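Worksheet for the structure shown next.
Chains as they are written, first to last, in this note's numbering: chain A, 2 to 170; chain B, 5 to 160.
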């Protein structure tokens, strides 16, 4: 199954339109798109508006390929499941996000195991072919952040708690 | 270790929540409760108190007002001493309310999605957070004399 997703926030009709055209050119029954509040309803792939957090995780785990915006929720969820991804970054200039930070995210992640970036719509089909060559990225990211980071946060939180107690006494 | 000092861990749905979950070893065995937007996210924190608030961007004034009321009610009920968040705007409101009305200590971890500049909420959070963090070392440099967030690490 190919899972196309715009993430949890704003619509991303460009991704849905490009993937609908791709689905027309590469007919298969198992393409599911999650389109949010988009105005473009795809004709050549199945679609849902929203998925709960649980359904989203299950759909990612059940997919052989994820095609999505360059959002960290999707990237981390797919990375946890070891699924290959194609990322199309949202552009501020076309009203797809409030800033161009997804370009930075795509530049940072492109080339990492299982991650293929399509900088433009035209790059998407080739990126899909490349991603399909690795059905399982083989690299699953750890479930939690680097312990050095969380330990430092934990120490700081404990420090807050202790200082609160001292002021009470 | 259980402590009576409550911790509020709050994040918007999607990527912000996914990042907050990756920070759980920092607080999961403490007296913590969670706040986000999607009811189904409760399955990520089984057996722990989980509240939902409305999803509202800063553009929707009425929606934002409702979110403020929801947050105020949660804060009044729980009275956390520490607030930790990975964003976004509604979480910033929670952080400010908790700091000013309930004297909570606050931690802002700017999203890893902001590699080149802090989010708008993240910039504002610098005025209110006791610990103000970016997940990108290059954003923590302070050679231009202005105040910058610290870098302690990243969720990935």
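Note that CB positions come from ideal geometry on N, CA and C, so glycine has one too. In this text, all values refer to a predicted model and were calculated from it rather than measured experimentally.
>> So with CB distances below 9 Å, who are the chain A contacts of residue 145/B?
In response: Within chain A, no residue comes near residue 145/B; the closest Cβ sits about 17 Å away, beyond 9 Å.
> Listed in chain order, which residues of the region 109 to 126 of chain A have Cβ atoms closer than 7 Å to some Cβ of chain B?
Replying inline: Result list: 109.
> Does DSSP put residue 52/B in a helix, in a strand, or in coil?
Replying inline: In the structure shown, residue 52/B sits in coil (DSSP, three-state: anything other than H, G, I, E or B).
> Is the region 88 to 107 of chain A touching the region 35 to 48 of chain A, taking contact as three or more C-beta pairs under 8 Å?
Replying inline: Counting Cβ pairs under 8 Å, fewer than three are found: no touch.
>> Could you give the first and the last residue of the continuous beta strand (DSSP E) run that contains residue 139/B?
In response: Per DSSP, residue 139/B belongs to no beta strand (DSSP E) and is neither H nor E.
>> Could you tell me which whole alpha helix (DSSP H) segments of length 4 or greater appear in the region 48 to 113 of chain B?
In response: Listed in chain order, they are 65 to 82 and 93 to 106.
> Is residue 123/A helix, strand or coil when you go by DSSP?
Replying inline: Correct three-state label for residue 123/A: helix.
> Which residue comes first and which comes last in the beta strand (DSSP E) that contains residue 45/A?
Replying inline: For residue 45/A, there is no enclosing beta strand (DSSP E), as DSSP marks it with neither H nor E.
>> When you compare the CB of residue 100/B with every CB in chain A, is at least one pair closer than 8 Å?
In response: Output row for residue 100/B: interface = no.
> residue 172/B bridges to which residues according to DSSP?
Replying inline: Chain B is shown only over 5 to 160; residue 172/B falls outside these bounds and no answer can be derived.
> From residue 160/A to residue 110/B, what distance separates their C-alpha atoms?
Replying inline: Computed Cα separation, rounded: 12 Å.
> What's the C-alpha gap between residue 9/B and residue 29/A?
Replying inline: Annotation: residue 9/B to residue 29/A spans about 55 Å, alpha carbon to alpha carbon.
> Which of helix, strand or coil does DSSP assign to residue 33/A?
Replying inline: Three-state DSSP puts residue 33/A in a strand.
> According to DSSP, is residue 1/A helix, strand or coil?
Replying inline: What the structure shows of chain A is the stretch from 2 to 170, and residue 1/A is not part of that stretch, so it cannot be assessed.
>> Please tell me whether residue 31/B and residue 53/B are closer than 8 Å, where the distance is taken between their beta carbons.
In response: Contact: no.
>> Please list, in chain order, the chain B residues whose beta carbon lies closer than 9 Å to that of residue 73/A.
In response: Here the neighbours are 18, 19, 20, 22, 23, 115, 116, 117, 159 and 160.
> Going along chain B, which residues have a C-beta under 8 Å from residue 37/A?
Replying inline: The contact set of residue 37/A on chain B, defined by CB atoms closer than 8 Å, is empty, because the minimum CB distance reaches about 11 Å.
>> Taking 8 Å as the limit between beta carbons, can you name the residues of its chain near residue 8/A, skipping five residues before and five after?
In response: If we look at residue 8/A and ignore the five residues flanking it on each side, its Cβ neighbours are 37, 69, 70, 72, 74 and 75.
>> In this structure, how does DSSP classify residue 187/B when only helix, strand and coil are distinguished?
In response: With chain B represented from 5 up to 160, any question about residue 187/B goes unanswered, as that position is not in the structure.
> With contact counted as at least three CB pairs below 8 Å, one residue from each stretch, are the region 136 to 144 of chain B and the region 122 to 130 of chain A in contact?
Replying inline: Contact between the region 136 to 144 of chain B and the region 122 to 130 of chain A is absent, because fewer than three Cβ pairs lie under 8 Å.
> So, does the CB of residue 79/B fall closer than 8 Å to a CB anywhere in chain A?
Replying inline: Under the 8 Å criterion on CB atoms, residue 79/B is classed as non-interfacial with respect to chain A.
> In three-state DSSP terms, what is residue 156/A?
Replying inline: Correct three-state label for residue 156/A: helix.
> Run through DSSP, which three-state label would residue 41/B get?
Replying inline: Residue 41/B falls in the coil class under three-state DSSP.
> Going by the beta-carbon positions, is the gap between residue 67/A and residue 79/A smaller than 8 Å?
Replying inline: With contacts defined by Cβ atoms closer than 8 Å, residue 67/A and residue 79/A form a contacting pair.
> Roughly how many angstroms separate the alpha carbons of residue 119/B and residue 106/A, rounded to a whole number?
Replying inline: Rounded to whole angstroms, residue 119/B to residue 106/A spans 7 Å at the Cα level.
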